[in-house]
Every structure is written in structure tokens, then in C-alpha cells.
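Okay, so here's the structure we're looking at.
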Amino acid sequence: MESKIIGRGTWIDKIAYELIEREKKLGRKLDIITTESGLGASGIPHIGSLADAIRAYAVTLALRDMGYNSKLIAFVDDMDGLRKVPEGLPKWLEKHLLEPVSMIPDPYGCHNSYGEHMSGILTEALNELEIDYELRRAYYVYGSG
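Residue numbers (the working numbering): 681 to 825.
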């Protein structure tokens, strides 16, 4: 999908500009500028979860429009512990409270874990919106050192 520029001078452009200025001031390389969105995996995703990822992607697009190479990382915190069982999910999940959601079985049996299922709902929405991102999971990142 071709991205369309809807305007310049927006708050998103301002954030992108300030980010570039900060990186220059710190003497950092500008060959690729990474934006990030945290995807929670301990509960059912909601509009706020999606909005966070969309805002981060908007900054990525603004950076690209300014001529910089930029990518969005969607980081799934699937090492987060399950603090409570969301309404409507099976009660047997209570025995897994405080365990990392990447280690809890998927209550629907269609993913490798509870965390993968919950984050999968959000990544499916990102894919539907044709948002370009690189997925990273805490379980694998922390496991690899």
C-alpha cells in the first residue's frame, strides 16, 4: 500500500523533527531511526493498544517523509506476569496468576501461549491496516541475552 501524505506541520511531524534534532545533538548515527510500540500481552487488546502502535507508525512515516530510513518495532512484553484473569476467560487461568504470559497455555488452543494469542489479536489488526513493523517478543529477546 502506498502511504499518502495528509499534511505537514502536524504534531507528528514536530515529534519526528525533534527526534532528529535530539539524535544529531547526541552525535548518534542517523542511518536508521527506530520507533517502537509496546504491545501488551497480558490482557485483551483494546483501542488504546492499537492507537499506541498507530502513533508510533505515524512518526515512522513522518521520518521517512523527511528522507530518513525508519522502522517500527512492535515489542511484545510476553514475559509480563498475568495479574488478573480478564472477564470472560476460563477460571482455570487463575492458577497461572503472576506467571509470564508466554508460559501460560492459550485458553483457546490456537496459539503456543496465552501471550501469543493476546498479542496476535493486535498484530492481526496491524496487518489489516498494512502497518509495516518488525515483531519482537520479550521471551525470545531476553532468552537470547
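Using N, Cα and C, we set each Cβ at its ideal position, and we do this for glycine too.
Between D758 and A805, the C-beta gap is not smaller than 7 Å, which leaves the two residues out of contact. Under the three-state reduction of DSSP output, K764 falls in the coil class, being neither helix nor strand.
Closest in alpha carbon position to D711, among V756, L743, Y819, is L743. Unbroken alpha helix (DSSP H) runs of no fewer than 4 residues, entirely contained in the segment 751 to 825, are found at 794 to 808, 818 to 823, following chain order. L699 and P785 have their C-alpha atoms some 40 Å from each other. Bounds of any beta strand (DSSP E) do not take in L741; it lies within the alpha helix (DSSP H) bounded by 727 to 745. Secondary structure of I700 (DSSP, three-state): helix.
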